[in-house]
Amino acid sequence: MRGPNVSRAGPGATGPVLQVKGLGRDYAMGSETVHALRAVDLAVARNEYVAIMGPSGSGKSTLMNILGCLESPSRGEYRLNGRLVSGLTDAELAHIRNREIGFVFQTFNLLARATALRNVELPLVYAGVRNDERRRRAAETLRRVQLGDRMQHRPNELSGGQRQRVAIARALVTGPALLLADEPTGNLDTRTGEEVLALFDELHAEGQTIVVVTHEAGVAAHARRRVVLRDGAVESDDGPRPVTVAALAAGSRGAQSEERRT
Ligand SMILES: Nc1ncnc2c1ncn2[C@@H]1O[C@H](COP(=O)(O)OP(=O)(O)O)[C@@H](O)[C@H]1O
Ligand SMILES: [Mg+2]
Numbered sequence: 356m357r358g359p360n361v362s363r364a365g366p367g368a369t370g371p372v373l374q375v376k377g378l379g380r381d382y383a384m385g386s387e388t389v390h391a392l393r394a395v396d397l398a399v400a401r402n403e404y405v406a407i408m409g410p411s412g413s414g415k416s417t418l419m420n421i422l423g424c425l426e427s428p429s430r431g432e433y434r435l436n437g438r439l440v441s442g443l444t445d446a447e448l449a450h451i452r453n454r455e456i457g458f459v460f461q462t463f464n465l466l467a468r469a470t471a472l473r474n475v476e477l478p479l480v481y482a483g484v485r486n487d488e489r490r491r492r493a494a495e496t497l498r499r500v501q502l503g504d505r506m507q508h509r510p511n512e513l514s515g516g517q518r519q520r521v522a523i524a525r526a527l528v529t530g531p532a533l534l535l536a537d538e539p540t541g542n543l544d545t546r547t548g549e550e551v552l553a554l555f556d557e558l559h560a561e562g563q564t565i566v567v568v569t570h571e572a573g574v575a576a577h578a579r580r581r582v583v584l585r586d587g588a589v590e591s592d593d594g595p596r597p598v599t600v601a602a603l604a605a606g607s608r609g610a611q612s613e614e615r616r617t
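Under the working numbering, the residue at position 33 of the sequence shown is numbered 388, and the numbers go up by one with no gaps.
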């Protein structure tokens with residue numbers, strides 16, 4: 356087996372990173388059916404930074420869970436990097452989830468007994484990366500989130516902000532095409548939340564595609580595009596305004612600029 360490709364975040368595809376059409380998700384609740392998502396259309400291009408907003412119960416988490424391949428839609432299409440994901444088996448979904456998606460949760464979801472290093476290594480264990488290579492990449496990713504001096508700490512020996520940064524390192528370690536975060540600052544105080552958002556800004560500047568769910572305007576202000584859900588449908592979308600690294604470089608050279616308004 357060849358060594359892992361570290362830069363899988365940019366596999367060279369030119370189409371949208373994710374595209375959903377007519378996406379629906381129902382839940383049976385006794386004799387009732389809850390239409391958590393009705394018919395969502397959304398495309399997100401490479402290096403976009405999108406905030407999904409909307410009131411409680413509008414379908415944000417359901418959408419994120421489908422985008423993150425944690426759940427399957429009842430209707431509609433989901434393409435990730437051009438590949439049709441809706442309709443795959445659980446095993447195929449698990450594979451895509453491991454390779455293509457980094458997921459950050461409000462409650463961190465770290466293994467309590469494992470060190471920061473071990474937590475970040477885990478996705479690479481599932482990906483079959485060998486021991487020393489896995490250690491190296493997990494350590495490198497922890498340094499990237501400024502936790503180089505906390506690798507042997509367990510979650511209960513870390514602050515909330517540090518835990519969330521471990522979770523972000525775990526999400527990034529496989530070089531996912533897409534970073535998804537559901538209320539990533541929801542359990543953090545304002546200052547710590549700002550640190551996490553500053554990290555997202557940095558990752559975005561480095562080319563990472565990010566979709567974040569939030570109900571806080573301050574969090575959404577960091578994103579470059581805001582999609583508002585209501586009753587399981589898109590109510591408004593101020594994008595898409597894809598900004599590529601190439602376009603930014605062209606803008607800074609003063610070439611025909613595709614610069615975004617911020
Ligand atoms: N597993 C589930 N079973 C039944 N109903 C659910 C389930 N998950 C979500 N719902 C319902 O779907 C709707 C959307 O929920 P959710 O996506 O969690 O909204 P949000 O994250 O925007 O608060 C809500 O009415 C919620 O009660
Ligand atoms: Mg939610």
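Glycine included, C-beta positions come from ideal geometry on N, C-alpha and C.
Boundaries around Ser-416 are those of the alpha helix (DSSP H), 415–422, since no beta strand (DSSP E) includes it. Excluding five sequence positions before and after Asp-593, the CB atoms of its chain that fall closer than 7 Å to its own CB belong to Arg-580 and Arg-581, given in chain order.
No Cβ-Cβ contact shorter than 8 Å links Gly-377 with Gly-414. Taking a cut-off of 8 Å for Cβ pairs, the stretch 531–539 and the stretch 458–465 touch, as three or more such pairs fall below it.
Pairing Asn-420 with His-559, the inter-Cα distance amounts to about 21 Å. Contact annotation, Ala-406 with Ala-526: C-beta distance approximately 17 Å; criterion of less than 8 Å not satisfied.
Using a 10 angstroms sphere on the CB of Arg-498, the tally of other CB atoms stays under 16, which defines it as exposed. By the C-beta criterion, the stretch 463–478 is judged not to be in contact with the stretch 543–550, since fewer than 3 inter-stretch pairs fall below 8 Å. Residue burial is scored here from C-beta neighbours: Asn-486 has fewer than 16 other C-beta atoms within 10 angstroms and is therefore classed as exposed.
Short note on Met-506: C-beta not closer than 7 Å to any heavy atom of ligand 1. In the three-state scheme derived from DSSP, where H, G and I count as helix and E and B as strand, Gln-374 is classed as strand. Just so you know, the alpha carbons of Ala-467 and His-508 end up roughly 10 Å apart. For the 8 Å CB-CB criterion, Ser-441 and Arg-380 do not form a contact.
Near ligand 2, meaning a beta-carbon closer than 6 Å to one of its heavy atoms, we find Lys-415 and Ser-416.
CA-CA distance, Glu-550 to Glu-387, rounds to 42 Å. Secondary structure of Gly-409 (DSSP, three-state): coil.
By the neighbour-count criterion, in which 16 or more other beta carbons inside 10 Å mark a residue as buried, Gln-501 falls on the exposed side. The residues Gly-423, Cys-424, Pro-531, Leu-533 and Leu-535, in chain order, have a CB closer than 7 Å to that of Ile-456 in the same chain once the five nearest residues on each side in sequence are set aside.
Within the DSSP secondary-structure output, Val-395 pairs in a beta bridge with Leu-378. When C-alpha distances from Ala-400 are compared across Ala-578, Asn-436 and Leu-392, the shortest belongs to Asn-436. Judged by beta-carbon spacing, Thr-529 lies within the 8 Å limit of Arg-454, meaning their Cβ atoms are closer than that value.
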